[in-house]
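Numbering (my numbering), first residue to last: 24 to 542. Structure first, commentary second.
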Amino acid sequence: MAQSSRVADLWRLNLAILCIALGLSSLIYTPTKFFFDLRLRMIPGTPPYTLWANPPSNLLANVYVFNTTNSERFLNGSDDFLHLQEIGPIIYKEEYTHENIKFNENSTLTYTVTRTPVYLPEKNTINLNDTIIAPNLAMLVLVAYFSSKPFLLRTIISTFMNRFKNEPFTNMTLYNYLHNASSPMLEACRPFAPSLVPTSNAGVLHQVYLRNKFNITVKIGPKYGNENFFAIDNIDGSDWLPTYSDCKPKFNHTSEPTLFPQFLTKNQTLRVWKSILCQDVGLKFAKVVKEGIYSAYHYTVPLDTFNRTIPENKDCFKGDPILPNGLSDISTCYSNYPFAASFPHFMGADSIVSARIKGLKPDIKKHGSYLTAERLSGVPLKGRAVFQVNLVFNKIYGFGEKLRRFTDLYMPISYISYEIDDWPASVTVFLYVLSILIPNSQLIMSISFLIIGLWLLYYPTRNFFKSMMVNTKRVESNRKFYEQKYPLNIKNMSYIMYFNILPPLNSTLVASLIEDRLW
């Protein structure tokens, strides 16, 4: 019985020490810090890694195009402007995958991201078989590109184009405009200039997603810390923005729009790279908001994002000739054709940009880009990134009177609004545990460990002192017995002292020993 009691006390003592140690250590190294450090390392098999490696398809791509309502009047000179009518949204889901995942020795992670638009018929009210009067992109892109080339080259291209009897505007279905704007003229050009004409399909979405696969290396682990968590180190082995080999704009705390830094701050600028823009865009803190049960930071993209910078020689997106404020050169991403990015409806651009375009209605509530992120994890709760692609025409000579009408025109082609849809249950549960449950319960958990540890410590401590009291009484009783039986003298004093120091082993044996010495 006594043996089993001592074993039970030993177990209680070990558990008590463990609970007290956990309670004290969790006050110093909190569970919140522990789990966020775990996420920082992106260890395979953990929820943060699994959710990233198998991403949910919750990014919607709302596509808007423009119907030209006065194409004939514009071409015959009756109107000096284009009147556009917005058509949309045409809703897609942008599916993306993370493959070929590799952990590197320098605390980085390399993976291949592939992005593909998928049409969502259940969300659309617009029929893709509806027709619009759209710019003949196959023709106009070549005109815009070769208009600045030498006279002889312009003459050859103009003669070549006249063989196909193309018109600057064409009646086509929404599907063809977005996905299948194939052109016999481009097909004929490809054998002679494959780098200039990588595809004979001038469809808007086909061009946007023509290159949809990138090898990205990002920073992870405590070496880079929370501020640089998943910041891009390089893309396709290059540490500057893709396709800008001459200017070489560097990545600066830039994220690929899947994961953002942890423990966001109000003075932090979030930079996001989107391949459609060929550049990274900064989001600045605007306000603290409450998004459901989460405390979140709201960041917005400034309206001067596509403005010229000072000095101009450090502006990699100024174009040649230099573009007005509100336009950003993205030609290097599109076979060097003169395309420029802007906000929808030229919102925030210089007035000269929209001077010859009518029907535009810029609206910050509809066309503004923003990100609302949970402040601890950096997980986006809501967000919208809206950008417009435009065709830039400079001075046009040698292509006939109709095409000369496009001189100094900035023509909107389409704009896409990327929006975050609802997260699946797996992400919602993970975010709740990481951002709400653990931070709000860590103090209670630490105190609970301490209380349990002290409670477990009580029983072995009580039993120990009880045992000490019993032993003390036993020793005192034995001492009195021997003092009465054997008078204290110098001869036996040492034996009695020795006997009282140690627990009584066997009273009969000790008594016999003393009697032998006395006799």
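By construction, the Cβ of each residue, glycine as well, lies at the ideal position given by its N, Cα and C atoms.
- Looking at the DSSP output, Tyr-142 sits in a beta bridge with Tyr-115.
- Runs of the beta strand (DSSP E) spanning 3 or more residues and lying entirely within the stretch 46 to 116 occur at 82 to 91, in chain order.
- Excluding five sequence positions before and after Phe-453, the CB atoms of its chain that fall closer than 7 Å to its own CB belong to Pro-70 and Leu-74, given in chain order.
- Judged by DSSP in its simplified three-state form, Ser-261 adopts strand.
- If you look at Tyr-247, you'll find it isn't in any beta strand (DSSP E); DSSP assigns it neither H nor E.
- Annotation: the continuous alpha helix (DSSP H) that includes His-229 extends over 227 to 231.
- Sequence-distant partners of Arg-96 (beyond 5 residues in either direction) whose C-beta falls short of 8 Å from its own C-beta, in its chain, are Asp-102.
- One thing to note: Asn-123 has its Cβ within 8 Å of the Cβ of Thr-135.
- Straight-line spacing of the CA atoms in Glu-190 and Lys-146 works out to 34 Å.
- Rounded to whole angstroms, the separation of the alpha carbons of Pro-79 and Cys-301 is 24 Å.
- The Cβ atoms of Gln-285 and Ser-400 sit closer than 8 Å to each other.
- Ala-39 sits away from Leu-473, with the two beta carbons spaced by 8 Å or more.
- Between the C-alpha atoms of Thr-323 and Asn-99 there is a straight-line separation of about 43 Å.
- In the DSSP secondary-structure assignment, Asn-413 is bridged to Ala-363 and Pro-435.
- For Phe-283, the three-state secondary structure derived from DSSP is coil.
- The three-state secondary structure of Phe-252, taken from DSSP, is coil.
- Between the stretch 341 to 355 and the stretch 176 to 192, the count of Cβ pairs shorter than 8 Å is below three; the stretches do not touch.
- The three-state secondary structure of Glu-128, taken from DSSP, is coil.
- The three-state secondary structure of Tyr-200, taken from DSSP, is helix.
- In the DSSP annotation of this structure, the continuous segment of the beta strand (DSSP E) that includes Glu-397 starts and ends at 393 to 397.
- With 16 or more other Cβ atoms inside 10 Å of its own Cβ, Phe-59 counts as buried.
- Inter-residue distance for Leu-143 and Leu-197 is about 15 Å (C-alpha atoms, whole angstroms).
- Segment contact: the stretch 301 to 317 against the stretch 233 to 252, fewer than three CB-CB distances shorter than 8 Å; contact not assigned.
- In chain order, Leu-399, Ile-461, Pro-462 and Gln-465 place their CB closer than 8 Å to the CB of Thr-55, counting only its own chain and leaving out the 5 sequence neighbours on each side.
- Take the alpha-carbon of His-276 and the one of Ile-258: they are about 14 Å apart.
- Between the stretch 399 to 419 and the stretch 153 to 168, the count of C-beta pairs closer than 8 Å reaches three or more; the two stretches touch.
- Between Thr-131 and Asp-256, the C-beta spacing is below 8 Å.
- Residue environment: Phe-187 is assigned as exposed (fewer than 16 neighbouring CB atoms within 10 Å of its CB, all protein chains considered).
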